[in-house]
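Read top to bottom, the protein sequences are chains A and B.
Just so we're aligned, residue 1 is where the first sequence starts under our numbering, counting upward by one.
Just so we're aligned, residue 279 is where the second sequence starts under our numbering, counting upward by one.
All residues carry an ideal CB built from backbone N, CA and C; glycine is no exception.
A short worksheet on the structure shown next.
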Amino acid sequence: MINTAKRFAEDAVIMVKKKNEKMNAIWLEVTGCSGNIISLLNSENPGLYNILTDMVNLTFNNTIMGAEGDFAFEKFLETLDTEFILLVDGAVSTKENGNYNIVANYKGKKITALDAVQMAGGKAKYVVAVGTCASYGGISAAKPNPSESKSVKEVLNCPVIKLPGCPCHPDWVVGTLAHLVSYGVPELDDEGRPILFYGVTIHDTCTRRGFFDKGIFAQKFGDEGCMIKIGCRGPVTKTDCPRRKWNGYVNWPIGDNTTCIGCAQPHFPDDMEPFVRY
Amino acid sequence: MSKTITIDPVTRISGFLEIKAKVKKDKIVKVNASGLLFRGFEKMLKGRSPLDAVYFTERICGICSTAHAMAATLALEDAMKISVSLNDSYIRDVMHGFEFVQNHLRHFYLLSMPSYVKISSINLVGEEQYRDYRLPEKLNKKIEEHYIKSIELSRLAHEGLATLGGKAPHSHGIFVGGVTVNIDAYKLEKVKSIIKNIKSFVSTIMREDVEIISKYYSDYFKKGKSYPNFMTFGIFDKYEDPDITYVKPGIMKDKIKYPLDSNKITEQIHYAWYKRDEASVDTTRGALGHWILIENKVINHYNIITPTVWNLSPKDESNIPGTIERALLGTEINNIKEPVEIGRIIRSFDPCVSCATHLIGSKGNPSVIEILV
């Protein structure tokens with residue numbers, strides 16, 4: 001199970017070597033906390049270095065790239081005329097024509113997040129929404145949504161692959177990216193999420209499922225039992241967290257005696273709150 | 279003759295920042311720093327369940343979310359008059375400590391090093407915009423290898439955090455009343471082994487790299503100087519044992535230390551918040567404050583002042599430049615076509631603009647929002 005992303009990545013690396021050409025990719029940080037790129041830095045199957053040297057040719061990313069200013073944004077513009085994958089990290093602010101989030105000032109012209117997503121989204125071979133903000137608006141669009149943030153899909157007229165999660169697990173991105181460069185678009189559900197990673201609810205494979213079936217419920221954090229009565233969103237949240245786990249596959253929120261807060265769900269956080277019920 | 283240099287995006291920081299620097303006779307004479315993202319967390323928090331502030335405020339920032347979990351939890355404990363056991367305080371500090379280490383490793387290698395060391399093996403990082411690379415080939419190659427190695431170590435710091443907090447970024451586990459993790463032998467040994475690995479890397483490899491950079495770029499000891507004033511809210515300081523106590527709250531003015539008197543923190547910030555429940559704690563980048571007002575069981579008001587708000591604030595009402603602006607003023611630019619100095623100085627503060635959530639109102643033009651970063 002936890003090897004799914006790794007296996008695709010290995011296939012991708014072999015295919016890239018055979019073709020002797022890596023597909024370009026842009027990782028565009030927009031209206032969010034840039035937590036999805038930080039999560040990608042935590043990838044280990046393969047690690048960041050191998051992703052960048054063997055799998056795709058990332059040409060633009062605010063957090064990692066060497067260049068700055070106009071020189072950096074030119075890399076973004078140059079990529080638009082090639083075959084590339086657009087990965088968007090964050091929602092898209094639309095308030096005041098997008099002026100709540102400016103991603104570059106190129107030769108005196110302000111480029112808003114909205115401009116950048118539309119410029120690249122219209123030309124990309126694949127568009128991937130990485131994280132809950134890009135997929136659904138997420139916390140950036142939480143009520144009263146002061147920045148009028150929207151999901152990537154809402155500001156584009158093209159198919160968008162959604163990889164929700166706050167943040168997105170590195171395996172979900174890397175596995176999808178590997179699938180795109182080697183086999184094309186993975187099988188998606190009605191919402192545009194790869195079934196491979198988002199096929200079943202947390203409750204389906206939860207390590208505490210046995211308690212639920214026997215009717216044993218936790219009353220507070222730290223109690224034995226299913227946490228549904230203190231607000232666990234596992235029954236509605238579709239991700240493979242219970243089996244994959246996080247950060248070196250070492251732990252996950254329910255493994256830490258806390259409720260799932262439904263961070264990969266549409267309408268997170270507003271409809272997933274309260275996160276804990278006491 | 280003067281020329282204005284605009285750097286936007288200032289890459290290799292967390293978030294969106296624009297710097298405009300006016301250069302006259304090779305010297306920076308005017309600086310404008312602008313934060314370019316506003317989401318309005320303080321507005322969003324109004325009306326929500328107080329306990330949700332812990333996970334909610336974490337999402338201000340992808341690189342330092344645990345700091346916000348700490349501050350929110352401490353503010354809630356202040357409001358609810360809850361005290362935490364010593365053991366839980368230790369575990370929290372270890373979690374927060376892992377986040378410090380993750381941040382510092384990433385700041386030093388991933389964010390700062392590409393300005394000093396050519397990272398040629400990764401296209402994205404190795405684009406040659408400037409030519410001021412001074413290391414002999416052999417040393418350059420060595421630090422490039424360490425850059426690659428550091429990716430593993432900073433990842434490991436997050437693994438340590440997740441061992442105790444479920445996942446990272448946006449960890450669970452720090453909560454009102456203590457921590458949720460049940461420490462067992464496996465977790466204890468796992469955490470200890472991660473700390474040992476990181477410690478070995480930092481005390482040998484990273485330390486040597488700092489020395490190499492210091493030697494070849496020694497002019498930077500004199501560049502980017504700002505005010506001789508410092509402030510800490512204290513960190514890892516709630517213990518009686520001096521061996522594990524790190525920094526007590528305090529300020530330093532012209533090299534003299536004084537205790538911190540938080541009532542003297544400017545009126546604009548503090549006046550309105552007097553008597554509110556609060557938490558102030560140092561985090562990776564400096565002093566972080568969360569202020570909360572709970573009414574009818576929901577958040578009525580939430581105020582957040584992040585470290586980058588202190589460091590990257592624009593000119594105040596009396597036109598005194600902010601800390602980073604001051605650091606840039608007077609800086610000599612060697613080659614106006616390659617103003618590498620500006621980015622190096624800005625990154626030395628490790629700005630985190632995602633965190634800078636604070637809005638101070640608009641002036642006249644409705645399409646311009648002024649953001650205090």
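Residue range of the alpha helix (DSSP H) that includes residue i
i, result
"B:V403", "401-404"
"B:A435", "415-443"
"B:H382", "364-383"
"B:H346", "343-358"
"B:L323", "319-323"
"B:E489", "485-494"
"B:E336", "331-336"
"B:I620", "618-625"
"A:C241", "241-244"
Assumed close pair residue i, residue j - CB separation to whole angstroms, cut-off 8 Å
i, j, result
"A:G198", "A:T239", "With the sequence shown as reference, residue 198 of chain A is identified as Tyr, and Gly is not the correct amino acid for it. Rounded, the Cβ-Cβ distance is 6 Å, consistent with contact."
"B:P447", "A:S135", "Going by Cβ atoms, the distance from B:P447 to A:S135 rounds to 17 Å, so no, they are not a contact pair."
"A:I320", "A:V128", "Residue 320 of chain A falls outside the range modelled here, since chain A spans only 1 to 278, and no answer is possible."
"A:A12", "A:V181", "5 Å"
"A:G131", "A:C166", "6 Å"
"B:L315", "B:G293", "6 Å"
"B:C630", "B:R563", "6 Å"
"B:L383", "B:L442", "Actually they are not in contact, since the Cβ atoms of B:L383 and B:L442 sit about 18 Å apart, beyond 8 Å."
"B:V362", "A:N257", "With a Cβ gap of about 16 Å, B:V362 and A:N257 do not count as contacting."
"A:M283", "A:K22", "Nothing can be reported for residue 283 of chain A, as the shown portion of chain A is limited to 1 through 278."
"B:K252", "B:A605", "Because residue 252 of chain B is not part of the residues shown, which for chain B are 279 to 651, the question remains open."
Beta-carbon proximity list for residue i, same chain, < 7 Å, skipping 5 on both sides
i, result
"B:K281", "V301, I614"
"A:T82", "N24"
"A:E191", "K162"
"B:M279", "none"
"B:T561", "C342, A345, P585"
"A:T201", "G234, P235, V236, T237, K238"
"A:C260", "I202, C232, R233, G234, T237, P253, I254"
Same chain, Cβ closer than 6 Å to residue i, neighbours up to 5 away in sequence not counted
i, result
"B:Y517", "T523"
"B:D532", "P506"
"A:C206", "G234, P242"
"B:A550", "Caution applies to B:A550, whose pLDDT of 48 falls short of 50 and renders its modelled position unreliable; the value that the coordinates give is listed next. Excluding positions up to five away in sequence, the list is empty."
"B:E545", "With a pLDDT of 46 at B:E545, under the threshold of 50, the predicted position of this residue should be treated as unreliable, though the coordinate-derived value follows. Excluding positions up to five away in sequence, the list is empty."
"B:S449", "T344, L439, G443"
"A:N61", "W27"
"B:K468", "T441"
"B:Y425", "Y387, M391, I397"
"B:H548", "With a pLDDT of 43 at B:H548, under the threshold of 50, the modelled position of this residue cannot be trusted; read the value that follows with caution. Once the five neighbours on either side are set aside, B:H548 has no close Cβ partner at all."
Contact under 8 Å by Cβ, residue i with residue j
i, j, result
"A:N105", "B:E320", "no"
"B:K308", "B:E610", "no"
"A:L28", "A:V174", "no"
"B:R290", "A:T63", "yes"
"B:E556", "B:D356", "yes"
"A:R244", "A:M227", "no"
"B:S632", "A:C263", "no"
"B:H299", "B:L566", "Note that residue 299 of chain B is Ala in the sequence shown here, rather than His. Cβ atoms of B:A299 and B:L566: not closer than 8 Å."
"B:E385", "A:N42", "In the sequence under discussion, the amino acid at residue 385 of chain B is His, which differs from the Glu named in the question. Contact flag unset, no."
"A:G121", "A:T31", "no"
"A:A124", "A:L86", "yes"
"B:S558", "B:F627", "no"
Start-to-end residues for the beta strand (DSSP E) that takes in residue i
i, result
"B:S478", "Taken as a continuous stretch (DSSP letters only), B:S478 belongs to no beta strand (DSSP E), being part of the alpha helix (DSSP H) at 463-478."
"B:M530", "528-531"
"B:I602", "Premise fails: B:I602 lies in the alpha helix (DSSP H), 601-606, not in any beta strand (DSSP E)."
"B:V309", "305-313"
"B:L510", "Per the sequence shown, residue 510 of chain B should be read as Thr rather than Leu. That run of the beta strand (DSSP E) goes 507-510."
"B:T282", "280-285"
"A:E224", "Here A:E224 belongs to no beta strand (DSSP E), and DSSP marks it neither H nor E."
"B:Y536", "534-536"
"B:E296", "295-302"
"A:I161", "161-163"
Sequence-distant residues of its chain with Cβ nearer than 8 Å to residue i (five each side left out)
i, result
"B:K593", "P599, G600, E603"
"B:Y536", "G528, I529, M530"
"A:N97", "T112, L114"
"A:I216", "E224, G225, C226"
"B:N475", "L431, L434"
Quiz item: At what residue ranges does the stretch 17-95 of chain A contain a whole run of the alpha helix (DSSP H), taking only runs of 4 or more?
Solution: 35-41, 69-79
Quiz prompt | Entirely enclosed beta strand (DSSP E) segments - the stretch 84-153 of chain A, minimum 3 residues | solution = 84-89, 102-106, 109-112, 126-130
Quiz prompt | Segments of 4+ residues assigned as alpha helix (DSSP H) that fall wholly inside the stretch 178-215 of chain A | solution = 195-198, 202-205, 209-214
Quiz item: Where in the stretch 558-615 of chain B do unbroken runs of the alpha helix (DSSP H), each at least 4 residues long, occur, reported from the N-terminal end onward?
Solution: 585-589, 601-606
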